[in-house]
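Residue numbers (our numbering), protein chains in the order written: chain A, 1 to 262; chain B, 1 to 262.
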């Protein structure tokens, strides 16, 4: 168990805010939900919000800020969206132009911030059921694949669904479905079970993002909609400016994972 | 069972479209979901979409159109949003300026249409469980009340939650909760059970909208979030133009009620 497992979210957010602590957030604040951040100018925000509404499995919204606000008032009262993540990325015209521990110098009055549920929550539910998570055991990133399942487009935003894959022992697959299905706000039940070719995945050993993981005898690859989907879709549009968390450096909320279950 | 119970949704929509048939849609196209319509200019659409995202119980979204589109492509392919409801209302600056069977003369390229789930779906699920619906038995409107439960504001949109009330025999209340809880896209589980004063309702005999209904010995008033909430909230803002369905004249979709359950 890592050092910050028992830390309170607000305490860690203030350490991130001061720049004292810059490290990936996996395993921090056990029991609390973490989220993906996408910050966009208001003129793109309607189409993006509509995109998330039409594609709730890859884009489960935890909170959307008011335009110009730097606080997630519901999920993290007192937070500063521009400073409370350890590491941010700034994209200009679709190109990552830098990583920063503080993006307040970039902030604009027309920014709208989207906090999107992440798989950490349902992974912790799987672990509680005694279902192991291979990429955690291997100490690497979850493998992610671009599928042939199109998202429903909204305005300029469109693209394929990206999935993450976890090998599950065949006798635990049904349990993995029902357990994660209780968490619709963090991707929910799998999109697909087994037969990767049916969703356009050719080679599990060569994921499009993340790292390959071992699939053992008797295990079935199970695919969940992935929060990389909305980021990939935003990048396609090459907006003048977008701010996101850096991969692995998430926004830690005050919301308990258990509050996200049905 | 009324005459149009077995009609196909697309057939009735085309009869509405031609202006042949103008009557309330309750009981039509049994098994298919009906929805509330709100049409707004795009400049208000982001805040309204955000309002529905923050208040999913009173504002369960079935579909949001692209700006300018007159078709609900997912829930009613081939539909014409401006003509496929039997009767519409046009509001200008918060005042109802007319009822029309065809609002295409008012249509603008920047209109965004919101289709919001309605209680007909969960009422049919209650009936399937043998739980009677008093206002149906009495042949009147469901009683609706303004509560002291504030919605979460979004931009200009704010206001109290409006609830509908159905008296349920005390021994069926738990079943009524679990049955309607399966339909989160059409208001879902109740907001409150019994004790109307706890949510700011003073007198059940004087609803704010609709008609009072009898509560019999051994029955408990059960309150569900109501689709009148978003309409009331929109009217508060007095937008230059808003188009809605006329009360009781809903948009009939091709979506089966059963598809809306979890």
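C-beta atoms are modelled at their ideal positions from N, C-alpha and C, and glycine is treated no differently.
Note that the coordinates shown come from a computational prediction; the quantities given were computed from them, not determined experimentally.
Judged by their CB atoms, residue 112 of chain A and residue 153 of chain A are not nearer to each other than the 8 Å cut-off. Contact annotation for residue 64 of chain B against chain A: 50 and 53 [CB-CB distance below 7 Å, chain order]. Looking at the backbone, the Cα of residue 212 of chain B and that of residue 191 of chain B are separated by about 19 Å.
Ranked by Cα distance from residue 225 of chain A, the first of A:199, A:247 and A:219 is A:199.
With a cutoff of 8 Å on beta-carbon distance, residue 123 of chain A and residue 116 of chain A are scored as not near each other. Spatial neighbours of residue 233 of chain B in its own chain (CB-CB distance under 6 Å, excluding positions within 5 residues in sequence) are listed in chain order as 157 and 159.
Of the residues B:249, B:104, B:259 and B:243, the one whose Cα lies closest to the Cα of residue 96 of chain B is B:243. Chain order gives no chain A residues near residue 232 of chain B, where near means a beta carbon separation below 8 Å; the closest approach is about 21 Å. The Cβ atoms of residue 162 of chain B and residue 58 of chain B sit closer than 8 Å to each other. With respect to residue 94 of chain B, residue 141 of chain B sits apart: the two C-beta atoms are not nearer than 8 Å. Under the Cβ criterion of 8 Å, residue 61 of chain B is counted among the residues facing chain A. Nearest to residue 104 of chain A by C-alpha distance, out of A:84, A:91 and A:197, is A:84. Under the DSSP assignment, residue 2 of chain A falls outside any beta strand (DSSP E); it carries neither an H nor an E label.
DSSP places residue 204 of chain A in the coil class of the three-state scheme, outside both helix and strand. In this structure, the straight-line span from the alpha carbon of residue 32 of chain A to that of residue 48 of chain A is close to 26 Å. DSSP lists no beta-bridge partner residue for residue 24 of chain B.
With the criterion set as a beta carbon lying under 9 Å from some beta carbon of chain A, the region 24 to 41 of chain B has no members that meet it.
The shortest C-alpha to C-alpha distance from residue 147 of chain B to any of B:98, B:29, B:260 and B:228 is the one to B:228. At a beta-carbon threshold of 8 Å, none of the residues of chain B lie near residue 76 of chain A; the nearest stands roughly 15 Å away. If the five residues before and after residue 82 of chain B are omitted, its C-beta is found closer than 6 Å to the C-beta atoms of 70, 103, 104 and 107, all from its own chain and listed in chain order. For residue 184 of chain A, there are no CB contacts under 6 Å within the same chain when 5 residues up- and downstream are skipped.
For residue 36 of chain B, the uninterrupted beta strand (DSSP E) segment begins and ends at 32 to 41. By alpha-carbon distance to residue 60 of chain A, the top candidate from A:118, A:169 and A:138 is A:118.
The C-alpha of residue 28 of chain A lies about 40 Å from the C-alpha of residue 175 of chain B. A direct Cα-to-Cα measurement between residue 68 of chain B and residue 22 of chain A gives close to 46 Å.
When the Cα atoms are used, residue 182 of chain A and residue 221 of chain A turn out to be separated by approximately 20 Å.
Spatial neighbours of residue 39 of chain A in its own chain (CB-CB distance under 6 Å, excluding positions within 5 residues in sequence) are listed in chain order as 111, 113 and 243. DSSP places residue 199 of chain A within a helical segment (H, G or I) once states are collapsed to three. The C-beta separation of residue 62 of chain B from residue 75 of chain B comes to about 6 Å, placing the pair in contact by the 8 Å criterion.
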